[in-house]
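The structure appears right after this line, and notes come after that.
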Amino acid sequence: MEQQKTLELLTICAEYCAFVEKEEHESAAHFIDKSHKILTLLYLKTSLMQSSSIDEGYCEHFVGENDWEFIKQNVQKTLGQFDNMVSVREPDAAENELIDLPISECFADVYQDIRNFIEQYKDATMQTRELALYELCFNFKLYWGSRILAIINEFHNLLYAANSALEEI
131 MEQQKTLELL TICAEYCAFV EKEEHESAAH FIDKSHKILT LLYLKTSLMQ
181 SSSIDEGYCE HFVGENDWEF IKQNVQKTLG QFDNMVSVRE PDAAENELID
231 LPISECFADV YQDIRNFIEQ YKDATMQTRE LALYELCFNF KLYWGSRILA
281 IINEFHNLLY AANSALEEI
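For what it's worth, my numbering labels the leading residue of the sequence shown as 131, then goes sequentially.
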(Lines of atoms letter the chains of each structure in order from A; the text may use other names.)
(Lines give C-alpha, C1' and ligand atoms only; values in the text may rest on other atoms or scores of the structure.)
Protein backbone atom coordinates (compact mmCIF):
# COMPACT_ATOMS: atom_id res chain seq x y z
CA MET A 131 0.00 0.00 0.00
CA GLU A 132 2.79 2.44 0.91
CA GLN A 133 4.54 1.67 -2.37
CA GLN A 134 1.36 2.57 -4.28
CA LYS A 135 1.05 5.86 -2.35
CA THR A 136 4.67 6.68 -3.11
CA LEU A 137 4.17 5.94 -6.81
CA GLU A 138 1.10 8.20 -6.89
CA LEU A 139 3.05 10.95 -5.12
CA LEU A 140 5.95 10.62 -7.56
CA THR A 141 3.51 10.84 -10.47
CA ILE A 142 1.92 14.09 -9.30
CA CYS A 143 5.34 15.49 -8.40
CA ALA A 144 6.57 14.80 -11.94
CA GLU A 145 3.42 16.39 -13.39
CA TYR A 146 3.91 19.51 -11.24
CA CYS A 147 7.55 19.89 -12.29
CA ALA A 148 6.84 19.35 -15.98
CA PHE A 149 4.02 21.88 -15.83
CA VAL A 150 5.95 24.70 -14.14
CA GLU A 151 9.07 24.04 -16.23
CA LYS A 152 7.12 24.74 -19.45
CA GLU A 153 8.14 28.12 -20.79
CA GLU A 154 4.92 28.78 -22.69
CA HIS A 155 1.41 28.38 -21.30
CA GLU A 156 -1.87 29.01 -23.11
CA SER A 157 -2.87 31.84 -20.78
CA ALA A 158 -2.77 32.97 -17.18
CA ALA A 159 -6.33 31.68 -16.75
CA HIS A 160 -5.37 28.20 -18.02
CA PHE A 161 -2.24 28.17 -15.82
CA ILE A 162 -4.26 29.15 -12.75
CA ASP A 163 -6.95 26.54 -13.43
CA LYS A 164 -4.52 23.68 -14.03
CA SER A 165 -2.21 24.71 -11.17
CA HIS A 166 -5.17 24.79 -8.80
CA LYS A 167 -5.91 21.16 -9.63
CA ILE A 168 -2.29 19.94 -9.56
CA LEU A 169 -1.50 21.71 -6.29
CA THR A 170 -4.61 20.30 -4.64
CA LEU A 171 -3.57 16.77 -5.63
CA LEU A 172 0.03 17.39 -4.58
CA TYR A 173 -1.10 18.60 -1.17
CA LEU A 174 -3.44 15.63 -0.72
CA LYS A 175 -0.94 12.97 -1.86
CA THR A 176 1.85 14.38 0.32
CA SER A 177 -0.39 14.67 3.38
CA LEU A 178 -1.31 10.98 3.03
CA MET A 179 2.32 9.86 3.20
CA GLN A 180 3.73 8.33 6.35
CA SER A 181 7.48 8.51 6.51
CA SER A 182 9.43 7.05 9.36
CA SER A 183 11.91 9.19 11.23
CA ILE A 184 15.44 8.75 9.97
CA ASP A 185 18.36 9.68 12.19
CA GLU A 186 21.19 9.86 9.72
CA GLY A 187 21.90 10.23 6.07
CA TYR A 188 22.23 12.85 3.43
CA CYS A 189 20.36 13.43 0.21
CA GLU A 190 22.04 15.35 -2.56
CA HIS A 191 20.21 18.51 -3.60
CA PHE A 192 19.92 19.05 -7.34
CA VAL A 193 18.00 22.32 -7.63
CA GLY A 194 20.28 25.33 -7.52
CA GLU A 195 19.65 29.05 -7.34
CA ASN A 196 19.48 29.38 -11.14
CA ASP A 197 16.82 26.65 -11.35
CA TRP A 198 14.80 28.27 -8.56
CA GLU A 199 15.05 31.67 -10.24
CA PHE A 200 14.01 30.22 -13.63
CA ILE A 201 10.81 28.78 -12.12
CA LYS A 202 10.05 32.01 -10.26
CA GLN A 203 10.54 34.13 -13.40
CA ASN A 204 8.62 31.68 -15.59
CA VAL A 205 5.60 31.63 -13.28
CA GLN A 206 5.81 35.40 -12.79
CA LYS A 207 5.77 35.94 -16.57
CA THR A 208 2.86 33.53 -17.04
CA LEU A 209 0.73 34.98 -14.23
CA GLY A 210 1.45 38.62 -15.07
CA GLN A 211 -1.00 40.78 -13.12
CA PHE A 212 -2.15 37.72 -11.15
CA ASP A 213 1.22 37.16 -9.44
CA ASN A 214 -0.36 38.45 -6.26
CA MET A 215 1.14 38.56 -2.81
CA VAL A 216 -0.15 35.82 -0.52
CA SER A 217 0.15 35.59 3.24
CA VAL A 218 1.75 32.42 4.53
CA ARG A 219 1.86 31.29 8.15
CA GLU A 220 4.28 28.46 8.71
CA PRO A 221 3.35 25.87 11.35
CA ASP A 222 6.11 26.83 13.79
CA ALA A 223 5.56 30.59 13.44
CA ALA A 224 3.89 32.68 16.11
CA GLU A 225 0.10 32.90 15.80
CA ASN A 226 0.11 36.34 14.17
CA GLU A 227 3.38 35.95 12.25
CA LEU A 228 2.68 36.00 8.53
CA ILE A 229 5.08 36.12 5.61
CA ASP A 230 3.93 37.93 2.48
CA LEU A 231 5.29 36.34 -0.69
CA PRO A 232 4.50 36.59 -4.38
CA ILE A 233 2.80 33.49 -5.77
CA SER A 234 5.70 32.94 -8.17
CA GLU A 235 8.11 32.64 -5.24
CA CYS A 236 5.84 30.09 -3.57
CA PHE A 237 5.83 28.05 -6.78
CA ALA A 238 9.64 28.10 -6.87
CA ASP A 239 9.90 27.08 -3.20
CA VAL A 240 7.59 24.11 -3.78
CA TYR A 241 9.42 23.21 -7.00
CA GLN A 242 12.78 23.09 -5.23
CA ASP A 243 11.75 20.34 -2.81
CA ILE A 244 9.64 18.45 -5.34
CA ARG A 245 12.36 18.35 -8.03
CA ASN A 246 15.00 17.38 -5.43
CA PHE A 247 12.75 14.52 -4.27
CA ILE A 248 12.28 13.20 -7.81
CA GLU A 249 16.00 13.34 -8.56
CA GLN A 250 16.93 11.76 -5.22
CA TYR A 251 14.47 8.94 -5.77
CA LYS A 252 15.78 7.97 -9.22
CA ASP A 253 17.99 4.89 -9.23
CA ALA A 254 18.68 5.24 -5.52
CA THR A 255 19.12 2.68 -2.80
CA MET A 256 16.18 1.89 -0.54
CA GLN A 257 17.82 3.87 2.27
CA THR A 258 18.25 6.95 0.05
CA ARG A 259 14.66 6.68 -1.13
CA GLU A 260 13.41 6.49 2.45
CA LEU A 261 15.53 9.49 3.39
CA ALA A 262 14.29 11.44 0.34
CA LEU A 263 10.67 10.70 1.27
CA TYR A 264 11.32 11.65 4.90
CA GLU A 265 12.92 14.95 3.82
CA LEU A 266 10.04 15.72 1.45
CA CYS A 267 7.40 15.05 4.12
CA PHE A 268 9.33 16.97 6.78
CA ASN A 269 9.67 20.03 4.52
CA PHE A 270 6.01 19.73 3.50
CA LYS A 271 4.88 19.90 7.13
CA LEU A 272 7.13 22.78 8.11
CA TYR A 273 7.62 24.79 4.95
CA TRP A 274 6.01 24.32 1.57
CA GLY A 275 2.66 22.79 2.53
CA SER A 276 1.52 26.17 3.83
CA ARG A 277 2.69 27.80 0.58
CA ILE A 278 0.55 25.41 -1.45
CA LEU A 279 -2.46 26.23 0.69
CA ALA A 280 -1.91 29.97 0.19
CA ILE A 281 -1.74 29.50 -3.60
CA ILE A 282 -4.80 27.23 -3.63
CA ASN A 283 -6.76 29.79 -1.64
CA GLU A 284 -5.77 32.66 -3.94
CA PHE A 285 -6.45 30.65 -7.09
CA HIS A 286 -9.80 29.46 -5.71
CA ASN A 287 -10.87 33.07 -5.27
CA LEU A 288 -9.65 34.01 -8.75
CA LEU A 289 -11.43 31.07 -10.36
CA TYR A 290 -14.75 31.21 -8.55
CA ALA A 291 -15.39 34.85 -7.58
CA ALA A 292 -18.55 36.27 -9.16
CA ASN A 293 -16.68 39.15 -10.81
CA SER A 294 -13.36 37.41 -11.36
CA ALA A 295 -10.67 39.36 -13.16
CA LEU A 296 -9.85 36.11 -15.00
CA GLU A 297 -13.04 36.46 -17.02
CA GLU A 298 -11.65 39.66 -18.52
CA ILE A 299 -8.61 38.00 -20.11
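Virtual Cβ for every residue (Gly too), placed ideally from N, Cα, C. Small disclaimer: the values here were computed from a predicted structure and weren't measured.
Beta-carbon proximity list for A238, same chain, < 6 Å, skipping 5 on both sides | For the purposes of this step, residue 238 is identified with residue 108 of the sequence shown, where counting begins at 1. Closer than 6 Å at the Cβ level, and outside the excluded window around A238, lie W198, I201, K202.
Going by the CB atoms, is the gap between S234 and Q206 shorter than 7 Å?
-> For the purposes of this step, residue 206 is identified with residue 76 of the sequence shown, where counting begins at 1. For the purposes of this step, residue 234 is identified with residue 104 of the sequence shown, where counting begins at 1. Yes, Cβ-Cβ distance for Q206 and S234 is below 7 Å.
Spell out a yes or no on whether the region 132-149 and the region 240-251 are touching, meaning 3 or more CB-CB pairs, one atom from each, closer than 8 Å.
-> yes
Hey, how far is the Cα of L178 from the Cα of Y273?
-> For the purposes of this step, residue 178 is taken as the residue at position 48 of the sequence shown. For the purposes of this step, residue 273 is taken as the residue at position 143 of the sequence shown. Answer to the nearest angstrom: the Cα atoms are 17 Å apart.
Separation of K152 from I281, as counted between CA atoms = Sequence index remark: in the sequence shown, residue 281 carries index 151 (1-based). Sequence index remark: in the sequence shown, residue 152 carries index 22 (1-based). Cα to Cα, I281 sits roughly 19 Å from K152.
Run of the beta strand (DSSP E) containing D253, from where it starts to where it stops | Here the question's residue 253 lines up with position 123 in the sequence shown. Per DSSP, D253 belongs to no beta strand (DSSP E) and is neither H nor E.
By how many angstroms is the C-alpha of V218 removed from the C-alpha of Y188?
-> Taking the sequence shown and counting its residues from 1, the one referred to as residue 188 is at position 58. Taking the sequence shown and counting its residues from 1, the one referred to as residue 218 is at position 88. Those two C-alpha atoms are separated by around 28 Å.
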